[in-house]
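Visitor: Below you will find the structure I want to go over with you.
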Amino acid sequence: MSLGEIGAILLFLVVVFIFGHLWFRFIETILRRMKKLFTRHQKPPAWHTLPPDEEDRKNV
Amino acid sequence: MGFFSKLFKGPEIDMEKSNANAKKMRTLFNHVVKDGDNYRLIFGYTEDVSRFNYGFVHGSKTKIGNLIVGWNEASQTIVVVPTVPDLSGCGDPTYYRRSEILKAYRNKYPTDAFIIYPDKKGYIGINAYDWLEDEKLYVYVSQDDELAAFTDFFMNRFATK
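From first to last, the protein sequence lines stand for chains A and B.
Adding 29 to a residue's 1-based position in the first sequence gives its number in my numbering.
Adding 812 to a residue's 1-based position in the second sequence gives its number in my numbering.
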């Protein structure tokens with residue numbers, strides 16, 4: 030097998046790899062948007078941010 | 813200390829960072845749990861593995877959820893608070909009282925997670941280790957003693973079989 034042929038096979042594999050990644054991202058985006066559409070009326074789960082430290086409060 | 817002895821010694825724990833995170837875990841836990849100081853704490857995480865098949869692209873995805881796990885020996889209660897690796901915030905706590913749960917046991921395969929079934933509908937699998945290096949995925953905290961104490965509590969006073 031010549032170097033050119035090996036290069037062509039490697040290039041083909043790279044193209045398949047990149048297309049696979051793009052396809053994965055594309056489907057994931059569609060699924061995420063569909064999920065958002067169906068769950069937009071749901072209340073988001075409660076989230077509590079880290080309260081400031083006592084020492085930080087004194088320094089302010 | 814030479815380069816090779818350092819290499820063979822493996823990664824070293826930054827105790828300053830670990831202690832700061834342990835303090836943050838306590839602050840967050842006490843912020844959302846009443847009488848939080850009555851609970852001892854460890855860091856744990858859940859793993860949600862799902863398979864996908866998008867035509868010619870298929871594989872599996874793993875979602876990791878960080879948890880602050882508190883336990884009270886006297887009341888035989890485990891409290892689980894969801895959080896994020898940088899401990900910037902947390903969600904609402906979930907209480908698992910031994911008298912109210914369906915069953916609890918320690919898994920053996922594929923991981924030695926602590927499994928709690930609050931009812932027949934669902935379960936939680938808590939994975940816990942003495943230290944996990946990857947700060948992007950897990951809370952950076954060293955917890956050898958706390959993990960040993962939690963394991964002892966879970967196996968001897970909380971597990972149902």
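Cβ atoms here follow ideal geometry from the backbone N, Cα and C, with glycine treated the same way.
Bear in mind the structure is a predicted one, so any value in this text is a computation, not a measurement.
Are the C-beta of residue 826 (chain B) and some C-beta of chain A separated by less than 9 Å?
Guide: The sequence position of residue 826 (chain B) within the second sequence is 14, counting from 1. Put simply, the CB of residue 826 (chain B) is far from chain A, with every gap to its CB atoms at 9 Å or more.
Visitor: For residue 932 (chain B), which residues in the same chain have their Cβ closer than 8 Å to its Cβ, ignoring the five residues on either side in sequence?
Guide: As a working note, residue 932 (chain B) is residue 120 in the second sequence. So the list reads 914, once near-sequence residues are dropped.
Visitor: Against chain A, with Cβ distances strictly below 9 Å, would residue 904 (chain B) count as a contact?
Guide: For the purposes of this step, residue 904 (chain B) is identified with residue 92 of the second sequence, where counting begins at 1. Cβ-Cβ to chain A under 9 Å: yes for residue 904 (chain B).
Visitor: Shortest alpha-carbon distance to residue 952 (chain B) belongs to which of B:959, B:943, B:840?
Guide: For this step, residue 952 (chain B) is matched to residue 140 along the second sequence. Per the Cα distances, B:943.
Visitor: Which of the residues in the stretch 44 to 72 of chain A, read from start to end, lie with their CB under 7 Å from any CB of chain B?
Guide: 49, 52, 53, 56
Visitor: Just to confirm, is the Cβ distance from residue 907 (chain B) to residue 916 (chain B) under 9 Å?
Guide: Residue 907 (chain B) sits at position 95 when you count from the first residue of the second sequence. Residue 916 (chain B) sits at position 104 when you count from the first residue of the second sequence. Cβ atoms of residue 907 (chain B) and residue 916 (chain B): not closer than 9 Å.
Visitor: Could you tell me if the beta carbon of residue 899 (chain B) falls within a distance shorter than 8 Å of some heavy atom in the ligand SAM?
Guide: This structure lacks the ligand SAM, and indeed carries no ligand of any kind.
Visitor: For the stretch 879 to 908 of chain B, list the beta strand (DSSP E) runs that are entirely contained and at least 3 residues long, ordered along the chain.
Guide: Qualifying beta strand (DSSP E) stretches, in chain order: 889 to 895.
Visitor: Which class does residue 822 (chain B) belong to by DSSP, given the choice of helix, strand or coil?
Guide: Numbered from its first residue, the second sequence carries residue 822 (chain B) at position 10. In the structure shown, residue 822 (chain B) sits in coil (DSSP, three-state: anything other than H, G, I, E or B).
Visitor: Would residue 900 (chain B) pass as an interface residue toward chain A - the criterion being a Cβ-Cβ separation below 9 Å?
Guide: Within the second sequence, residue 900 (chain B) is the residue found at index 88, counting from 1. Chain A contact via Cβ: present.
Visitor: Assign residue 895 (chain B) to buried or exposed, taking buried as 16 or more other Cβ atoms, counted over all protein chains shown, within 10 Å of its Cβ.
Guide: Position 83 of the second sequence, counting from 1, holds the residue named residue 895 (chain B). Buried.
Visitor: With burial defined as no fewer than 16 other Cβ atoms inside 10 Å of the residue's Cβ, what is the status of residue 880 (chain B): buried or exposed?
Guide: In the second sequence, residue 880 (chain B) corresponds to position 68, counting from 1. Buried, since its Cβ has 16 or more Cβ neighbours within 10 Å.
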